[in-house]
Structures are given as structure tokens and as C-alpha cells.
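Following: one structure in C-alpha cells, then a few remarks.
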Amino acid sequence: MTDWKEYKVSDLLDSKSLAIGDGYRAKNSELSNTGLPFARAGNINEGFDFANADCFPVEDISKVGEKVSRVGDIVFTSKGTVGRFAYVDESALRFVYSPQLCYWRSLNKKWIHPRFLFYWMQGKEFYSQVDAVKGQTDMADYVSLSDQRRMKITLPPLPEQQAIAEVLSSLDDKIDLLHRQNETLEALAETLFRQWFVEEAAESWESGIVTDLVDLNPRRSLSKETVAPYLEMSNLSNELYHPHDWYDRIFTSGTKFINGDTLLARITPCLENGKTAYVDFLKAGEVGWGSTEFIVMRTREPLHPFFSYILARHSDFRNFAIGCMVGSSGRQRADVDNLATYEMKLPPPDVIKRFNKHIEPSLQKMKLNNDQIRTLTRLRDALLPKLMSGEMRVDTAEAETAIAS
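Numbering (this note's numbering), first residue to last: 29 to 433.
Shown next, in the form of C-alpha cells:
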């Protein structure tokens, strides 16, 4: 690591090798339904999700100056939930930065490799400097532009920056590919559900309610003081079935679940945001637990267990669940007794058999992908600090990556 050199960020800014900026302070009257996405912190988390973002009109884009994304930018949430990142690659939509975000932009790519900069910002040197300043006010965590400009950064020669970036980005690319495969498979499953159980539901099908097909909050047993897998609400995805993470924790009180259960967030705004999960990450016979704000849904046989998950994602069912919410403003929860009255057509055996046949291979593939995602993510997270500190050489990291892949 003798050829790594520490720089003051301010010197890199002065030499026009690096730019750091924050977002445009837009008035509500300036935003629109069309134009470039107006990116806020909620749109950023290891990527971009602009599905519900406001837009900034293209005809007014001259107002924002440099506060428009460029390929190679590293996006950093600097207010509230500090420390989420995204990299602007060629596939990303062009967007306008809001004041909740900052960007770091390499202006001299012969000196600072953008991808290396992205990974450096997720490493110990950057995090330690962020931690030292983010809690200095009585308000929510905040890292100002002045704080960032006073930081220091350690850089190896450009060839090593590039080699490190290639190792880590190859893992991220594989993870992203597996995620996209799962998005496609899950979308196909939702399409089958909508076609077979909604659009093509025959008048001759028996009418019923959701509890004819799904048990709500079935009893599960887990003794106090037992160490068991714990799932936080924050680790449920808004779009996909697999949770982001879980960990072992001593059971006290909470919702209990087993493999094959669906977890539906019942509290605002988690329900409206789409937080839902299908449990397939436990060991055989294992019972997990989590937030008391989960509704557990268990499909009745002979329907495939994944049916309850797809039902929970179905817009009509979710809107009904939102309509079942009771309680004071800001702490409303879906009432399970009301949810149990959701009316639906009951599919005949031949449709159930056809659905089960199509779903099982897709679910097996998604499970395999998720297991690989978890392995690759752990490897990336283990390699990143070692590569960024110079503790591990690139050739060693490449060998470990090849084994995992």
C-alpha cells in the first residue's frame, strides 16, 4: 500500500479533479408529472426507483445548473437516513437532485476512477469521517457540503483503482442480473394470477371469501428466550418477495412464521408502500419471528403456498386491505377481521393444478437466485474493506470471486 496516497478533498476540488454538490431546492409549484425525475432520498438505495417520483419539467432544466445527474456520479443520501448510495451508470434515467442528496463527480478520470470512488464511499475511511460529523446537530443526521469538502481520501494509482473497481463491480453486476431475473419471474407469476384467477374467472366458479383459500394469522409456537431468525419490517421489500436480510435474535414477543407463509405489513405507510414477503429462508422445521405489525397469510392446500403472496401483491386485495385500516392518523393498521371478508371467486381443481404446476419451477429458480445473491453480497461486503485498505491484493480477490461464482 506504499503507493497509495492521501489527499485533501478540498485540494481535489481546487484542481478540478473532483466536484461535490447537493440538490436543487425546488418549490412545489416547479414540479410536474412529466419531465426528469426529481430524486429524493427515498428513491435511492443501491440503485434508483423513480416509480412514484415527482418530475422537473425539461423546459425549466436550465434553473438547476449542475444539479442534474451525469453518468459516473456517485449519489449519497446526506440528510435523515445518511449513507445510502447509488452509482449512475449508462442505463440510469437522467434526473434532478433534491437537497436530500449529494453527488460526488470525478472530473479527471485519469486521476479518480468513478467506480472506485463509489466503492471508496462505502468503505471505512469515508464512513468514519461521516460518523464524526453527522450527529453534530439536534436535528436529524446531516452531512453538509462543508463537512464533505473537509474530508480526506486515500487513492492508489489509477490502474489499481480500475482493477479494484472491476472486481467489485463484477460482483454487483452478477447480483443485479439475478435480481432482474427474479423481477421477471415474479412479474410472470403475477400475470398468471391476474389472468387465471381474476380476468378469466368463470361465472360458474363458486363465490367465497379470502379465508376459504388462505388462513390469516395461523397459530405458530416459539418458546420465550429461544434464539430464532428475526425479520425486521425495514428488511421487507416493496416490490419483491425475498427480504433484504434477517438475523438470529432471542425471541421475546412478535409475529411467528414458518416457510411457506406470506407476511403482509398492516401498518401505515408500510402497507401502502407494498412491504410484503414470502418466507422460504428458514431451515426445515424452524420457526422465525418478527414485527407485531405483520399479518401472516398461509395458503390452504391444495393451492401452492405462493398463492397467498401473489394475492397480497394484487392491487385489488391491497386496496381492500388499505380500506380496512383503523386507528388514529399516522398509526393506522389493517383490521384482520375486516380483511377476512374480502370476496373472491374460488378456483376449481383443474385451475389450481395448472397454477401449481407453473409456479413451482419459477419459485425454485427464484430461491436459487436469492441464495446466490446472498452469497455474492456477503463476498462483496467482505472484500470491499480489505481492497479499500490495501490489505488484500486484487489477484487474491479475483480468485475468491471466481470460486464464489
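Cβ atoms here follow ideal geometry from the backbone N, Cα and C, with glycine treated the same way.
Check: Three or more C-beta pairs closer than 8 Å, one from the region 59-72 and one from the region 81-97: is that the case here?
Finding: Yes, they touch.
Item checked: Three-state class that DSSP yields for Ala47 in the structure shown -> Counting from one through the sequence shown, the residue named residue 47 turns up at place 19. Ala47 sits in a strand when the DSSP states are folded into three classes.
Next item on the list: Report the option in Thr304, Arg277, Asp88 whose CA atom is closest to the CA atom of Gly63.
Entry: Locating residue 63 in the sequence shown gives position 35, counting from the first residue. Closest option to Gly63, judged by alpha-carbon separation, among Thr304, Arg277, Asp88: Asp88.
Check: Taking the DSSP output, what are the residues bridged to Trp317?
Finding: Along the sequence shown, one-based indexing puts residue 317 at 289. According to DSSP, Trp317 bridges with Tyr258, Lys284.
Note to self: Using the Cβ count rule (16 or more neighbours within 10 Å means buried), how would you classify Asn266?
What the structure shows: Start at 1 with the first residue of the sequence shown, and residue 266 comes out as number 238. In the assembly as shown, Asn266 is an exposed residue. Its beta-carbon has fewer than 16 other beta-carbons within 10 Å.
Note to self: By the three-class DSSP mapping on this structure, what secondary structure does Ile323 have?
What the structure shows: For the purposes of this step, residue 323 is taken as residue 295 along the sequence shown, with counting starting at 1. For Ile323, the secondary structure class from DSSP, reduced to helix, strand or coil, is strand.
Next item on the list: Indicate whether Arg178 and Ser38 have their beta-carbon atoms separated by less than 8 Å.
Entry: Looking up residue 178 in the sequence shown gives position 150. Looking up residue 38 in the sequence shown gives position 10. Yes, they are a contact pair.
Notebook entry, point to check: Which runs of the beta strand (DSSP E), 3 residues or longer, sit entirely within the region 69-132?
Noted result: Fully enclosed beta strand (DSSP E) runs of 3 or longer: 102-105, 113-115.
Notebook entry, point to check: Should Asp365 go down as buried or exposed, given a rule of 16 or more other Cβ atoms within 10 Å for buried?
Noted result: In the sequence shown, the residue the question calls residue 365 occupies position 337. By the neighbour-count criterion, in which a residue is buried when 16 or more other Cβ atoms sit within 10 angstroms of its Cβ, Asp365 is exposed.
Notebook entry, point to check: Buried or exposed: Glu234, going by 16 or more other Cβ atoms within 10 Å of its Cβ?
Noted result: Mapped onto the sequence shown, residue 234 falls at position 206. Sixteen is the threshold: since fewer than 16 other Cβ atoms of the shown chains lie within 10 Å of the Cβ of Glu234, the residue is exposed.
Notebook entry, point to check: Touching or not, the region 274-286 and the region 311-329, by the rule of three or more beta carbon pairs under 8 Å?
Noted result: Contact holds: three or more Cβ-Cβ distances are below 8 Å.
Margin query: Whole angstroms are fine: how far does the CA of Ala47 sit from the CA of Leu292?
Written below: The sequence position of residue 292 within the sequence shown is 264, counting from 1. The sequence position of residue 47 within the sequence shown is 19, counting from 1. Approximately 43 Å, taken between the alpha carbons.
Next item on the list: Could you name the residues of the same chain whose beta carbon sits closer than 7 Å to that of Asp169, not counting the 5 residues immediately before and after it, in chain order?
Entry: Looking up residue 169 in the sequence shown gives position 141. Within the same chain, Asp169 has close Cβ partners Gly108, Val110, Lys162, Gly163.
Next item on the list: Determine the burial state of Tyr370: buried for a count of at least 16 other Cβ atoms within 10 Å of its Cβ, exposed for fewer.
Entry: Within the sequence shown, the letter at position 342 stands for residue 370. Tyr370 comes out buried.
Check: What is the rounded straight-line gap between the Cα of Leu220 and the Cα of Trp148?
Finding: By 1-based counting over the sequence shown, the position of residue 220 is 192. By 1-based counting over the sequence shown, the position of residue 148 is 120. Those two C-alpha atoms are separated by around 43 Å.
Next item on the list: Measure the C-alpha to C-alpha separation of Ala349 and Asn398 and round it to an integer number of angstroms.
Entry: The residue given as residue 349 occupies position 321 in the sequence shown. The residue given as residue 398 occupies position 370 in the sequence shown. Ala349 and Asn398 have their C-alpha atoms roughly 28 Å apart.
Checklist line | Alpha-carbon to alpha-carbon, Leu206 and Gly100 | finding: One-based indexing of the sequence shown puts residue 100 at position 72. One-based indexing of the sequence shown puts residue 206 at position 178. Per the coordinates, the alpha-carbon of Gly100 lies some 23 Å from the alpha-carbon of Leu206.
Notebook entry, point to check: Using DSSP with H/G/I as helix, E/B as strand and the rest coil, what is Phe66?
Noted result: The count along the sequence shown starts at 1 and reaches residue 66 at position 38. It is a strand residue.
Item checked: Neighbourhood of Arg434 by C-beta distance below 7 Å, restricted to the same chain and skipping five residues each side -> Not covered by the structure: residue 434. The range shown for the chain is 29 to 433.
Next item on the list: Could you tell me the distance, in whole angstroms, from the CA atom of Ala160 to the CA atom of Gly318?
Entry: Residue mapping note: residue 160 aligns to position 132 of the sequence shown, counting from 1. Residue mapping note: residue 318 aligns to position 290 of the sequence shown, counting from 1. Spanning the alpha carbons of Ala160 and Gly318 requires a straight line of approximately 32 Å.
Margin query: Rounded to whole angstroms, what is the Cα-Cα separation between Tyr275 and Lys311?
Written below: By 1-based counting over the sequence shown, the position of residue 275 is 247. By 1-based counting over the sequence shown, the position of residue 311 is 283. The C-alpha of Lys311 is placed about 13 Å away from the C-alpha of Tyr275.
Margin query: Cutting at 7 Å between CB atoms, please list the residues of its own chain near Asp240, excluding the five before and the five after it.
Written below: In the sequence shown, residue 240 corresponds to position 212, counting from 1. Closer than 7 Å at Cβ, skipping near neighbours: Leu374.
Check: Less than 8 Å separating the beta-carbons of Leu264 and Glu211?
Finding: Along the sequence shown, one-based indexing puts residue 264 at 236. Along the sequence shown, one-based indexing puts residue 211 at 183. With respect to the 8 Å criterion, Leu264 and Glu211 are not classified as neighbours on the basis of their beta carbons.
Checklist line | 7 Å CB neighbourhood of Glu231 in its chain, flanking five on each side removed | finding: In the sequence shown, counting from the first residue as 1, residue 231 sits at position 203. Cβ within range, chain order: n/a, list empty.
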